[in-house]
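Residue 177 is where the sequence shown starts when you use our numbering, and the numbers rise one by one after that. Built from N, CA and C at the ideal position, the CB exists for glycine as well.
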Amino acid sequence: MAKKVMIMDTILRDAHQSHAATRMRTEQMIPVLPQLDEVGYYSLEGWGGATFDSCMRFLHEDPWERLRTLRKYLKKTPIQMLLRGQNLLGYRNYADDIVEKVVEKSFENGIGVIRVFDALNDPRNIEASMKAIKKYGGQLHATDPVRGICEAAISYTTGPVYDLDYFVKLAKTYESMGADNICIKDMANLLLPFQAYELVTALKKELRPETKLHLHTHNTTGTGDMVNLMAIRAGVDIVDTALSPLGNGTSQPATEPLVATLAGTEYDTGIDLGKLIPIANHFKKVAAELEKEGSLNPKVRQVDVNTLIYQVPGGMLSNLMNQLKKAGKEEKLPEVLAEVPNVRKDCGYPPLVTPSSQIVGTQAVMNVVMGERYKMVTKETRDLFAGKYGQLPMPVDPEVAAKVLKGEKPITYRFADDLAPEYDKLKAEVVEKGYYTQEEDVLSYASFPEVAETFFKWRKAQREGVDTDLAKTGVYPV
Ligand SMILES: [Mn+2]
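Structure below.
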């Protein structure tokens with residue numbers, strides 16, 4: 177039976193987040209948006225993840241305005257975004273009223289598909305987001321069948337608990353919570369081709385036939401194309417790729433080779449390679465611009481086999497080396513690499529992704545450098561043991577927990593249950609500061625208060641032609 181494979185291209189989000197510190201500007205996207213819209217992708221990932229922060233922090237762009245611009249040009253193809261569960265577009269836990277508002281406004285401004293995940297795979301951490309996605313996405317979906325989609329993502333990792341049963345059970349939980357799509361999110365490129373085949377086979381067997389299975393991997397270790405191909409042979413519905421100028425290496429496997437590989441087979445994507453060439457030519461120029469301004473280091477395109485050898489994500493290894501260098505103990509790297517799995521075991525085998533990869537890595541460095549395990553403990557390690565990031569996949573080591581928590585009682589409920597509604601309070605602050613122009617401003621401010629304020633100030637100066645600080649004593653054009 178013919179099975180068309182669908183593609184999400186990440187060129188507008190993860191590709192430049194992975195290769196160029198999320199520095200692609202909206203104006204670098206606009207010229208080819210109409211052509212991208214004609215390709216026939218399942219979706220175009222274009223928002224969320226680090227784009228929200230980067231727009232305001234580095235690019236003087238309103239992320240909401242970027243979204244509206246993308247939507248203006250992408251008339252057929254749904255825009256996909258990445259949402260970090262209860263952490264939304266930022267890094268802290270938000271109250272549920274902010275979660276609901278972010279989801280509502282994302283759909284309203286043009287998002288078609290929301291991929292939501294939790295770093296610890298704790299369903300409670302994506303529950304509020306999913307409820308909002310079903311509510312507002314459901315309304316959108318009723319009028320526009322390709323939009324309003326809820327995609328729940330599993331953070332893929334390896335370790336003693338992470339067998340097929342674990343992933344199938346979690347996927348079914350997410351499905352029962354209302355997910356239209358299930359995504360295997362292999363952000364560290366830990367998934368290997370034959371394991372991908374087994375995993376996809378098991379999930380396709382257990383999930384409802386109407387649930388689409390979506391695979392997200394990277395090509396950091398050079399296995400990405402093989403992972404995608406094996407997943408396709410096992411029946412995956414959608415895979416993520418990035419157009420070649422910003423594909424491969426730490427980014428997604430490139431789009432064009434996969435389209436060519438599948439052409440004429442039962443998995444044919446239906447995408448015309450000829451349509452991709454002019455778009456790729458455009459992004460070649462954009463990549464060169466990003467390289468010239470120093471946002472893109474050509475090293476990101478190389479294959480890094482460290483993850484294959486040490487079983488720690490590429491980014492984590494370089495963090496460990498930096499921390500040891502600062503402590504003047506670079507020779508301790510082998511000991512730290514041996515300590516990482518021990519710490520991970522002590523705290524119940526969390527997936528090693530942001531933020532847990534930093535927490536476990538830093539603690540492993542401390543344990544080795546101090547010469548005594550858990551003599552010094554970071555606040556983040558304590559919070560992890562205290563249940564504040566969510567439920568850990570396995571029980572923690574009781575002796576280590578006693579040493580780390582020093583009498584603090586771990587919570588067993590969802591951390592966000594402790595958070596009072598915050599939208600009205602934050603809105604009052606934005607209004608009082610004189611920056612309020614739209615409801616979305618409150619959400620930008622909630623996500624990154626200082627960054628948003630600096631951006632608002634700049635925006636106000638642009639619009640009014642005055643610097644608000646200077647305006648107190650006199651009016652100066654800027
Ligand atoms: Mn990714």
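Practice problem: Leaving out five residues on either side along the sequence, give the residues of the same chain with a beta carbon under 8 Å from the beta carbon of Val481. | Solution: Looking up residue 481 in the sequence shown gives position 305. The answer, listed in chain order, is Thr397, Gly398.
Quiz item: Taking the alpha-carbon positions, what's the His192 to Val462 distance?
Solution: Taking the first residue of the sequence shown as position 1, residue 192 is located at position 16. Taking the first residue of the sequence shown as position 1, residue 462 is located at position 286. One C-alpha to the other measures close to 10 Å.
Quiz prompt | Where Phe370 falls, given that 16 or more other Cβ within 10 Å makes a residue buried | solution = Counted from its first residue, the sequence shown places residue 370 at position 194. By the 10 Å Cβ count, Phe370 comes out exposed.
Quiz item: In three-state DSSP terms, what is Tyr652?
Solution: Here residue 652 corresponds to residue number 476 of the sequence shown, with the count starting at 1. Because Tyr652 carries a pLDDT of 42, less than 50, the predicted location of this residue cannot be relied on, and no value is offered for it.
Practice problem: Assign Ala647 to one of three DSSP states: helix, strand, or coil. | Solution: Translated into positions along the sequence shown, residue 647 becomes position 471. With a pLDDT of only 47 at Ala647, under 50, the local geometry of the prediction cannot be trusted, and no value is derived from it.
Quiz prompt | ligand 1 site residues, beta-carbon cut 5 Å against heavy atoms | solution = Asp190, Met363
Quiz prompt | Buried/exposed call for Ile453, threshold 16 Cβ in 10 Å | solution = On the sequence shown, residue 453 is found 277 positions in, with the first residue counted as 1. So Ile453 ends up on the exposed side.
Quiz item: Can at least three beta-carbon pairs, one atom from the stretch 335-345 and one from the stretch 222-241, be found at a separation below 8 Å?
Solution: They do not touch, by the three-pair rule.
Quiz item: Over what stretch of residues does the alpha helix (DSSP H) that includes Met492 continue unbroken?
Solution: By one-based count along the sequence shown, residue 492 stands at place 316. That run of the alpha helix (DSSP H) goes 490-502.
Exercise. State the Cα-Cα distance for the pair Ala540 and Arg477, rounded to the nearest angstrom.
Key: Within the sequence shown, numbered from 1, the residue matching residue 540 stands at position 364. Within the sequence shown, numbered from 1, the residue matching residue 477 stands at position 301. Their Cα atoms are separated by approximately 29 Å.
Self-check item: Nearest residue (CA-CA) to Lys555, options Arg260, Val580, Asp573
Solution: The residue you call residue 555 lines up with position 379 of the sequence shown. Closest option to Lys555, Cα to Cα, is Val580.
Self-check item: Counted within 10 angstroms of its Cβ, other Cβ atoms place Val479 as buried (16 or more) or exposed
Solution: Within the sequence shown, numbered from 1, the residue matching residue 479 stands at position 303. That one is exposed.
Self-check item: Bridge-paired residues (DSSP) for Asn473
Solution: In the sequence shown, residue 473 corresponds to position 297, counting from 1. None; Asn473 has no bridge partner.
Quiz item: What residue ranges within the stretch 599-626 form continuous alpha helix (DSSP H) runs of no fewer than 4 residues, ordered along the chain?
Solution: 599-608, 615-623
Practice problem: Would you please state the rounded distance, in angstroms, between the beta carbons of Ile325 and Val289? I believe it to be under 8 Å. | Solution: What you label residue 325 is simply residue 149 of the sequence shown in a count that begins at 1. What you label residue 289 is simply residue 113 of the sequence shown in a count that begins at 1. Right, the Cβ-Cβ distance comes to about 4 Å (below 8 Å), so this counts as a contact.
Quiz item: Going by alpha carbons, who is nearest to Pro119 out of Gly504, Pro429, Gly425, Thr393?
Solution: The requested residue 119 is not part of the displayed model; the chain covers only 177 to 654.
Quiz item: Mind checking whether Leu466 and Arg199 have CB atoms under 7 Å apart?
Solution: Against the sequence shown, residue 466 aligns to sequence position 290. Against the sequence shown, residue 199 aligns to sequence position 23. Taking 7 Å as the Cβ cut-off, Leu466 and Arg199 qualify as a contacting pair.
Quiz item: Taking the alpha helix (DSSP H) that Ser533 falls in, what are its first and last residues?
Solution: Sequence index remark: in the sequence shown, residue 533 carries index 357 (1-based). Run containing Ser533: 532-545, per the alpha helix (DSSP H) assignment.
Quiz item: So His192 is in the alpha helix (DSSP H); what residue range does that whole segment cover?
Solution: Locating residue 192 in the sequence shown gives position 16, where the first residue counts as 1. Where His192 is concerned, the enclosing alpha helix (DSSP H) stretches over 190-196.
Exercise. Would you identify the three-state DSSP class for Thr397, choosing helix, strand or coil?
Key: Residue mapping note: residue 397 aligns to position 221 of the sequence shown, counting from 1. In this structure, Thr397 counts as coil in the three-state DSSP scheme.
Quiz item: CB Met184 to CB Glu214, shorter than 7 Å?
Solution: If you number the sequence shown from 1, residue 184 lands on position 8. If you number the sequence shown from 1, residue 214 lands on position 38. Contact: no.
Self-check item: Unbroken beta strand (DSSP E) run spanning Leu389, endpoints
Solution: Taking the sequence shown and counting its residues from 1, one reaches residue 389 at position 213. From DSSP, the beta strand (DSSP E) with Leu389 extends over 388-392.
Quiz prompt | Span of the alpha helix (DSSP H), counted from its first residue to its last, around Thr483 | solution = As a first step, residue 483 must be located in the sequence shown, where it is residue number 307. Start and end: 482-486.
Quiz item: In whole angstroms, what is the alpha-carbon distance linking Tyr267 and Thr441?
Solution: Mapped onto the sequence shown, residue 267 falls at position 91. Mapped onto the sequence shown, residue 441 falls at position 265. Roughly 43 Å separates the two Cα atoms.
Quiz item: When DSSP labels each residue in this structure, what does Asp356 get in the three-state scheme?
Solution: Start at 1 with the first residue of the sequence shown, and residue 356 comes out as number 180. Here Asp356 sits in coil by DSSP.
Quiz item: For the alpha helix (DSSP H) that Leu449 lies in, which residues bound it at each end?
Solution: Mapped onto the sequence shown, residue 449 falls at position 273. Looking at the DSSP string, the run of the alpha helix (DSSP H) that includes Leu449 is 449-468.
Practice problem: Determine the burial state of Glu351: buried for a count of at least 16 other Cβ atoms within 10 Å of its Cβ, exposed for fewer. | Solution: As a first step, residue 351 must be located in the sequence shown, where it is residue number 175. It counts as buried.
Quiz item: The beta strand (DSSP E) spanning Arg291 covers which residue range?
Solution: The residue labelled residue 291 in the question sits at position 115 within the sequence shown. Its beta strand (DSSP E) spans residues 287-293.
Quiz item: Under three-state DSSP, which class holds Thr417?
Solution: Here residue 417 refers to the residue found at position 241 of the sequence shown. Thr417 falls in the strand class under three-state DSSP.
Self-check item: Identified DSSP bridge partners for Gly425
Solution: Walking along the sequence shown from the start, residue 425 turns up at place 249. Paired residues: Asn395.
Practice problem: Output the distance between the C-alpha atoms of Gln256 and Asn357, rounded to the nearest integer angstrom. | Solution: Within the sequence shown, the letter at position 80 stands for residue 256. Within the sequence shown, the letter at position 181 stands for residue 357. Roughly 12 Å between the two C-alpha positions.
Quiz item: What are the boundary residues of the alpha helix (DSSP H) that Thr224 is part of?
Solution: As a position in the sequence shown, residue 224 is number 48, starting the count at 1. Correcting the residue type first, residue 224 is Gly in the shown sequence and not Thr. Segment 219-224 is the beta strand (DSSP E) holding Gly224; no alpha helix (DSSP H) there.
Quiz item: Which of the three DSSP states, helix, strand or coil, is assigned to Thr349?
Solution: The count along the sequence shown starts at 1 and reaches residue 349 at position 173. For Thr349, the three-state secondary structure derived from DSSP is helix.
Exercise. Could you tell me which residues DSSP puts in a beta bridge with Lys361?
Key: Sequence index remark: in the sequence shown, residue 361 carries index 185 (1-based). Partner(s): Ser331, His392.
Quiz item: Just reading off the alpha helix (DSSP H) that Met232 is part of, what are its end residues?
Solution: Position 56 of the sequence shown holds residue 232. Met232 -> alpha helix (DSSP H) spans 227-234.
Quiz item: What's the C-alpha gap between Thr538 and Ala562?
Solution: Locating residue 538 in the sequence shown gives position 362, where the first residue counts as 1. Locating residue 562 in the sequence shown gives position 386, where the first residue counts as 1. Going from the Cα of Thr538 to the Cα of Ala562 covers about 17 Å.
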